[in-house]
Amino acid sequence: MKLFIFSDIDGTFLNHDNYSMGTLFKYIKNLNMDFEVIFNTSKTYEETVKINKKLQLNFPFIAENGACIFFPKNYLNENLKKKKLLRYKDHLCYKISRLKPNKVINLLRNFRKKYCFKFYNELSDNEIKNITQLKISDIRLSKNRQFSNPIFWMDKSKKKETFKKEFCSLNSGLLISDGGRFLHVLDKYDKGVALQKFLKIINLKKNSYETISLGDSENDIPMLELTNFACIIKSKKSKKLILKNKKIYRSNQIAPNGWKESLEHVLARRK
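-4 is the number of the first residue of the sequence shown in our numbering; add one for each residue after it.
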């Protein structure tokens, strides 16, 4: 039976502080099973393509918190390619979000009078480096955002939840989700919606596959609640995640070792 492994990246697959993937390249290469690693991440198209190339993977992935699904050109058959897919560089894509980075700024313009925050595209390369510890070359890839404009919170922590609730009450159909370092504005989509859309597009027979998801932050919850197995990777910074999914494993180790630990736990249960 095929296994689809839906995985967040930062703090889940890569270490939150130094972005190390440890021994995961070798571990994935040695997996003796029918599987696909589908990254479901807040990262951009370019960032995720770079990681897949480093891992020598040619699987689909979901970028910018569920905003768009990208398929390698030869992944889908001709009938499936007709499902409202567009061409983007070396991939076919299915857009879920209608948001654009500038629209996010307009939606939050009045909130800047009450709360202190900056949008991702307003941060200098050095500011982003200090926040994320990314290399300058990776920062440039991260700025090429097609749908989202993450928010860097600079106000008191206790005001964050008030801000999120106030925004959602004034903008029906929109929500703000908390990631590892940034807040994300979403329009009727999230990582869970994108996961469901992906499975609908590929249209495999029921009982021919199983799903597992791995994440560490609030914005991973919609994904974690939809799979056969869910793994919450230990985090030093995120609050404890509460899920409806009953088949949950909470890793004892942080990323990247926590990713391997979690997957091995699930694989042992599947036997």
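For glycine and all other residues, C-beta sits at the position ideal for the given N, C-alpha and C. Owing to the predicted nature of the structure, the values given are computational and were not obtained by experimental measurement.
Just the C-alpha distance for residue i and residue j, rounded to the nearest angstrom, thanks.
i: G187; j: I237; result: 15 Å
i: L194; j: K183; result: 18 Å
i: N121; j: R264; result: 45 Å
i: Y204; j: E117; result: 43 Å
i: K90; j: E59; result: 11 Å
i: T127; j: S119; result: 12 Å
i: L52; j: V44; result: 9 Å
i: K68; j: L87; result: 6 Å
i: G175; j: D133; result: 17 Å
i: Y22; j: L50; result: 10 Å
i: L81; j: E42; result: 20 Å
i: G210; j: N166; result: 27 Å
i: Y70; j: I196; result: 11 Å
i: F142; j: C63; result: 8 Å
i: E73; j: G61; result: 24 Å
i: L94; j: S37; result: 14 Å
i: V99; j: K108; result: 16 Å
i: C226; j: K255; result: 11 Å
Which same chain residues, not among the five before or five after residue i, have their C-beta less than 6 Å away from its C-beta?
i: I171; result: K159, F162, L178, V180
i: D150; result: Y110, C111
i: V261; result: I207, F224
What would DSSP say about residue i, mapped onto helix, strand or coil?
i: H277; result: Within the shown structure, residues of the chain are numbered from -4 to 266, placing residue 277 beyond reach of any answer.
i: S152; result: helix
i: F162; result: helix
i: P55; result: coil
i: D215; result: helix
i: L50; result: helix
i: S246; result: coil
i: I64; result: strand
i: I23; result: helix
i: N240; result: coil
Can you give the beta carbon distance from residue i to residue j, rounded, assuming they're within the 8 Å contact cut?
i: S212; j: G6; result: 7 Å
i: L338; j: Q191; result: Here the chain has residues from -4 to 266 only, and residue 338 is not among them.
i: I228; j: I243; result: Not confirmed; about 12 Å, so no contact.
i: N144; j: D173; result: Not really, about 15 Å apart at Cβ, beyond 8 Å.
i: F(-1); j: F34; result: Their Cβ separation, rounded to whole angstroms, is 12 Å, which puts F(-1) and F34 out of contact at 8 Å.
Kindly list the residues whose CB is nearer than 8 Å to the CB of residue i, restricted to its own chain and excluding five residues on each side of it in sequence; keep chain order.
i: P251; result: F8, L9, N10, S15, M16, G17, T18, L19
i: D12; result: Q128
i: E31; result: K(-3), L(-2), F(-1), I0, F54, P55
Considering only residues of the same chain and omitting the five flanking positions on each side of residue i, which have a CB-CB separation below 7 Å?
i: T39; result: A58, E59, L136, S137, N139, R140
i: I216; result: L236, L238
* Of all the alpha helix (DSSP H) runs that stay within the bounds of the region 181 to 211, which reach a length of 4 or more residues? -> 186 to 197
* **Runs of alpha helix (DSSP H) lying entirely within the region 77 to 151, each at least 4 residues, in chain order** => 96 to 102, 120 to 127, 131 to 137
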